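These notes concern the structure reproduced below.
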Amino acid sequence: MHKFFVPVENFNDKEVIIDGDDVKHIYKVLRLVEGDEVIINNLQGQEYLCKLIEISKKEVRAEIIETKEGSAESPIEITLFQGLPKSSKMDLIVQKNTELGVTHITPIITQRVVVKADLKEYKKLDRWNRIALEACKQCKRTIIPSINEPKEFQNLLNELDNFDLVLVPYENAENHGLKYVLTQVNKENIKKVAIIIGPEGGFEEEEIENLKDKGCYIITLGPRILRTETAGFTAVSLVSYELGDLGGNI
40 MHKFFVPVEN
50 FNDKEVIIDG
60 DDVKHIYKVL
70 RLVEGDEVII
80 NNLQGQEYLC
90 KLIEISKKEV
100 RAEIIETKEG
110 SAESPIEITL
120 FQGLPKSSKM
130 DLIVQKNTEL
140 GVTHITPIIT
150 QRVVVKADLK
160 EYKKLDRWNR
170 IALEACKQCK
180 RTIIPSINEP
190 KEFQNLLNEL
200 DNFDLVLVPY
210 ENAENHGLKY
220 VLTQVNKENI
230 KKVAIIIGPE
240 GGFEEEEIEN
250 LKDKGCYIIT
260 LGPRILRTET
270 AGFTAVSLVS
280 YELGDLGGNI
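Residue numbers are given in this note's numbering: position 219 of the sequence shown equals residue 258, and the series is strictly consecutive.
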């Protein structure tokens with residue numbers, strides 16, 4: 040069933056108004072007709088089963104049938120701080136980490152970042168947010184992750200006290216992975232996790248020392264050197280398995 044994300048102000052007690060680009064997509068691409076049922080999300084985590092009752096070129100009116108129960112959201116909040124990569128790698132990073140359940144994604148500017156965050160990078164925010172939205176539709180998420188403006192490394196350090204657990208995959212880490220870290224903390228108290236991924240060139244030693252001073256756990260992801268995009272996918276998957284919802288109920 041097709042899903043649409045609509046601002047909460049377009050809702051009333053019985054109906055929803057769909058406008059913007061989704062209107063053309065509904066009648067011209069999907070070829071939906073009056074009477075078809077869709078899922079509509081109010082951008083605040085609530086979803087509704089709705090029936091299309093009027094389709095025009097300007098807007099689509101839908102009748103609310105019932106509130107949808109259940110959620111595809113993780114019980115933990117994962118923030119990915121991603122060293123800004125070259126070319127279009129960030130597109131893939133946003134898409135796949137959205138599918139994996141990340142809540143926030145912030146590009147970071149470290150010493151070895153090749154691409155500096157100029158005005159063009161800030162303009163990419165709109166593109167990244169669109170990619171996150173489309174990924175949410177595909178994987179049936181109820182919350183669209185926030186894609187934030189690039190942040191300097193020093194400014195990142197000031198935010199780390201807001202998290203219950205901060206993990207930094209590093210190729211020169213001691214042989215301590217996530218399983219070891221979880222023996223050192225109370226898992227029940229972990230609700231907000233930050234994962235910090237370096238760019239293609241990795242982190243400088245000075246940056247790693249700064250992160251250690253902030254109480255971050257420097258971890259290994261195994262004996263192989265992973266690409267920056269692969270490192271993020273791997274770390275997010277491990278955290279989601281151990282602390283979130285990828286492990287199922289077993």
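Positions of the beta carbon are idealized from the N, C-alpha and C atoms, including for glycine. Just so we're clear, the structure is a prediction, and the values are computed from it rather than from any experiment.
Does DSSP put GLN134 in a helix, a strand or coil? Taking the sequence shown and counting its residues from 1, one reaches residue 134 at position 95. Looking at GLN134 - three-state DSSP - the assignment turns out to be helix.
Excluding the 5 residues flanking ASN187 on each side, which residues of the same chain have their C-beta closer than 6 Å to its C-beta? Translated into positions along the sequence shown, residue 187 becomes position 148. Once the five neighbours on either side are set aside, the close Cβ partners of ASN187 are THR145.
Alpha carbon to alpha carbon, how far is SER126 from ILE147? Position 87 of the sequence shown, counted from the first residue, corresponds to residue 126. Position 108 of the sequence shown, counted from the first residue, corresponds to residue 147. Straight through space, the alpha carbons of ILE147 and SER126 are spaced by roughly 15 Å.
Can you grab the Cα-Cα spacing for the pair HIS64 / ILE183, in whole Å? The residue you call residue 64 lines up with position 25 of the sequence shown. The residue you call residue 183 lines up with position 144 of the sequence shown. The alpha-carbon separation between HIS64 and ILE183 amounts to approximately 20 Å.
CB-CB under 6 Å to GLU61, same chain, minus the five flanking residues each way: which ones, in chain order? Working through the sequence shown from its first residue, we reach residue 61 at position 22. In the sequence as presented, Glu is not what sits at residue 61; that position holds Asp. Annotation for ASP61: PHE43 place their beta carbon closer than 6 Å to its own, counting only its chain and skipping 5 residues before and after.
Within the segment 48 to 82, note down every full beta strand (DSSP E) run reaching 3 residues or more, in order along the chain. Counting only runs of 3+ residues, the beta strand (DSSP E) found wholly inside the segment 48 to 82 occupies 54 to 57 and 76 to 80, in chain order.
Between which two residues does the alpha helix (DSSP H) harbouring GLN150 extend? On the sequence shown, residue 150 is found 111 positions in, with the first residue counted as 1. It is not in any alpha helix (DSSP H) - GLN150 carries neither H nor E in the DSSP assignment.
Could you tell me the boundaries of the alpha helix (DSSP H) in which PHE120 lies? Here the question's residue 120 lines up with position 81 in the sequence shown. Under the DSSP assignment, PHE120 falls outside any alpha helix (DSSP H), being part of the beta strand (DSSP E) whose first and last residues are 116 to 122.
Taking only runs of the alpha helix (DSSP H) that begin and end inside the segment 223 to 256, which ones reach a length of at least 4 residues, in chain order? With a minimum length of 4 residues, the continuous alpha helix (DSSP H) runs that stay inside the segment 223 to 256 are 244 to 252.
State the Cα-Cα distance for the pair ILE117 and GLY140, rounded to the nearest angstrom. Reading the sequence shown from its first residue, position 78 is the one you call residue 117. Reading the sequence shown from its first residue, position 101 is the one you call residue 140. Taking the straight line joining both Cα atoms gives about 8 Å.
Using a threshold of 8 Å, state whether the C-beta atoms of GLY109 and THR267 are closer than that. Stepping through the sequence shown from its first residue, residue 109 is reached at position 70. Stepping through the sequence shown from its first residue, residue 267 is reached at position 228. Going by C-beta atoms, GLY109 is not nearer than 8 Å to THR267.
Mind checking VAL207: buried by the 16 CB within 10 Å criterion, or exposed? For the purposes of this step, residue 207 is taken as residue 168 along the sequence shown, with counting starting at 1. If you draw a 10 Å sphere on the C-beta of VAL207, you find 16 or more other C-beta atoms in it, and that means buried.
Just confirm the distance between the C-beta atoms of ILE57 and GLU98, as a whole number of angstroms; I'd bet it's less than 8 Å. Within the sequence shown, numbered from 1, the residue matching residue 57 stands at position 18. Within the sequence shown, numbered from 1, the residue matching residue 98 stands at position 59. Rounded, the Cβ-Cβ distance is 6 Å, consistent with contact.
Per-residue burial, CYS255 [other beta carbons within 10 Å of its own, 16 or more giving buried]: Along the sequence shown, one-based indexing puts residue 255 at 216. It counts as buried.
CB of ALA171 within 8 Å of CB of ILE234, strictly: Position 132 of the sequence shown, counted from the first residue, corresponds to residue 171. Position 195 of the sequence shown, counted from the first residue, corresponds to residue 234. Contact flag unset, no.
Where the alpha helix (DSSP H) containing TYR219 begins and where it ends: Looking up residue 219 in the sequence shown gives position 180. Unbroken alpha helix (DSSP H) run through TYR219: 217 to 221.
CB contact flag (GLN150, GLU243, <8 Å): As a first step, residue 150 is located in the sequence shown; it is residue number 111 there, counting from the start. As a first step, residue 243 is located in the sequence shown; it is residue number 204 there, counting from the start. Yes, these two residues count as a Cβ contact at 8 Å.
Of all the options ILE94, LEU204 and TYR209, which has the alpha carbon lying nearest to the alpha carbon of VAL224? As a first step, residue 224 must be located in the sequence shown, where it is residue number 185. The alpha carbon of VAL224 has as its nearest neighbour, out of ILE94, LEU204 and TYR209, the alpha carbon of LEU204.
In angstroms with no decimal places, state the Cα-to-Cα distance between ARG70 and ILE94. Taking the first residue of the sequence shown as 1, we reach residue 70 at position 31. Taking the first residue of the sequence shown as 1, we reach residue 94 at position 55. Looking at the two C-alpha atoms, the distance is approximately 11 Å.
Distance, ARG180 Cα to LEU285 Cα: Counted from its first residue, the sequence shown places residue 285 at position 246. Counted from its first residue, the sequence shown places residue 180 at position 141. LEU285 and ARG180: Cα-Cα distance of roughly 14 Å.
So is ALA270 buried or exposed if we call it buried at 16+ other beta carbons inside 10 Å? One-based indexing of the sequence shown puts residue 270 at position 231. Counting the other Cβ atoms within 10 Å of the Cβ of ALA270 gives 16 or more, which makes it buried.
Just to confirm before moving on: does the CB-CB distance between ALA101 and CYS178 stay below 8 Å? Here the question's residue 101 lines up with position 62 in the sequence shown. Here the question's residue 178 lines up with position 139 in the sequence shown. One thing to note: ALA101 has its Cβ no nearer than 8 Å to the Cβ of CYS178.
Would you mind working out which of PHE272, ASN214 and PRO114 sits nearest GLY283, comparing C-alpha positions? One-based indexing of the sequence shown puts residue 283 at position 244. For the options PHE272, ASN214 and PRO114, the alpha carbon positioned closest to that of GLY283 is the one of PRO114.
CA nearest to the CA of ILE104, picked from TYR66, THR142 and ASP52: Working through the sequence shown from its first residue, we reach residue 104 at position 65. When only C-alpha atoms are compared, the closest one is ASP52.
Exposed or buried, what is LYS163 when buried is set at 16 or more other beta-carbons lying within 10 Å of its beta-carbon? In the sequence shown, residue 163 corresponds to position 124, counting from 1. Burial state of LYS163 is buried, judged by a 10 Å Cβ sphere holding 16 or more other Cβ atoms.
In terms of DSSP beta bridges, what is GLU105 paired with? On the sequence shown, position 66 is the one that residue 105 refers to. Looking at the DSSP assignment, GLU105 forms a beta bridge with LEU88.
For LYS67, which residues of its own chain have a beta-carbon under 6 Å away from its beta-carbon, when the five flanking residues on both sides are left out? Locating residue 67 in the sequence shown gives position 28, counting from the first residue. Here the set comprises nothing.
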